[in-house]
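What follows is a single structure, written as structure tokens, with notes after it.
In our numbering, the protein residues as written are 1 to 450.
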């Protein structure tokens, strides 16, 4: 995580109030790419909520951690700051889309409609029923790598959203393709040198091939491919358009799997909360699903608190904007004004507020009580945003929450689980949503007697 960097000597001091526009402080990096979020937060703590990181090639990114600028980021003025251009840049780097992707911005509206709660809930119920079968296939006792086990949602979610073309019998390589692609996708977005570019490229191509095959078979023309129809419409399209589907296959997995991992890992590492959650799911989640095949998670308050806290600690939702023309932004927090220049990237992450000592006592610690007891003062807007915020909040958040809670509830209801190793660290340099663990975490499990 450590990166060599130096702060340029000619910076203006961080005066509490300076009405004249000033150039943001500059952190001169010794490597290309965007540094990890913990490093950027250290810079923000020293320099204030607006500063620049500059790479050896001269690439400048404006880091805006100042909470008073959040509204500007989430509801940008497209005359000055472009989210669409930033997303095209994101898509080009992440998925290899020349020009940044499909030309119709209404596609995102269709995707959001597809994943509204009225649709997400039945999707999650179907995923849950598949997870019952998934856990039924586990032996009565043994050891598993937790991160690998959390991929148990991969095929159920992919199949319910994209149809039987993505079932394990029809797409046996899907899991490995997602693992290989996801392993360094954030680095490619942040323009950080990849450790294994060949493996990452092979994972991406494998996902493209899977979607090309599915489109050639007309997957999006069928009712059992709801997200495919949202992306491509209901009429048959060329197989070569498959490359535009991989973002949704990856997005449906890239954050939910590590979020499931950290929720379980934190619960198992905390004896008090482990006891509380296990008792809760074995009391309020027995007999589920019901005769109609539906799950009720409304009484799993403690599990939900652990889930929220895991997302607070390990969520790093990123916002990207591109500066379209020179203009000045003003910080209500400090009273200072800063000059932005055409062509600069603007970046923010939920990591900065989620780990802000002014908002959270002992922010690095897992304290689910934050969510079960009433705060003396309400959290300010944008203090907690694991799904992002504004017009482009995560479309899949309703499905993700339900599938994760159901997965954790089934596991802890049906098995006694123990960690077989300490909690691993995190791969902050590859964090675009929920950060991945940097090592395997074995758990011992034993099926609970009926």
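Every residue gets a Cβ at the ideal spot worked out from N, C-alpha and C, and that includes glycine.
The beta carbons of residue 353 and residue 383 sit closer together than 8 Å. Per the Cβ contact rule, the region 120-132 is not in contact with the region 236-248 (fewer than 3 Cβ pairs under 8 Å). With respect to the C-alpha of residue 80, the residue from 179, 191 and 321 having the closest C-alpha is 321.
Counting the other Cβ atoms within 10 Å of the Cβ of residue 279 gives fewer than 16, which makes it exposed.
Residue 123 is positioned such that its CB atom lies closer than 8 Å to that of residue 399. In the assembly as shown, residue 375 is an exposed residue. Its beta-carbon has fewer than 16 other beta-carbons within 10 Å.
Taking 8 Å as the cut-off, the Cβ atoms of residue 153 and residue 403 count as close.
Contact annotation: the region 301-313 does not touch the region 339-349, with fewer than three C-beta pairs closer than 8 Å. If you ignore the 5 residues before and after residue 208, its C-beta comes within less than 7 Å of the C-beta of 242, 243 and 246, all in its own chain and listed in chain order. Excluding its 5 nearest sequence neighbours in each direction, residue 193 has C-beta neighbours in its own chain below 8 Å: 31, 32, 33 and 187, listed in chain order. Assigned with DSSP and collapsed to three states, residue 426 falls in strand. Taking a contact to require three or more Cβ pairs closer than 8 Å, the region 107-127 and the region 423-437 do not qualify as touching.
A straight line joining the alpha-carbon of residue 342 with that of residue 85 spans about 13 Å. Look at residue 374 here: in three-state DSSP terms it is coil, with no helix or strand label. Between the C-alpha atoms of residue 413 and residue 89 there is a straight-line separation of about 44 Å. Between residue 159 and residue 167, the C-beta spacing is below 8 Å. With fewer than 16 other CB atoms across the displayed protein chains lying within 10 angstroms of its CB, residue 106 is exposed.
Within the region 118-188, complete alpha helix (DSSP H) segments of at least 4 residues are found at 146-149, 154-162 and 174-182, given in chain order.
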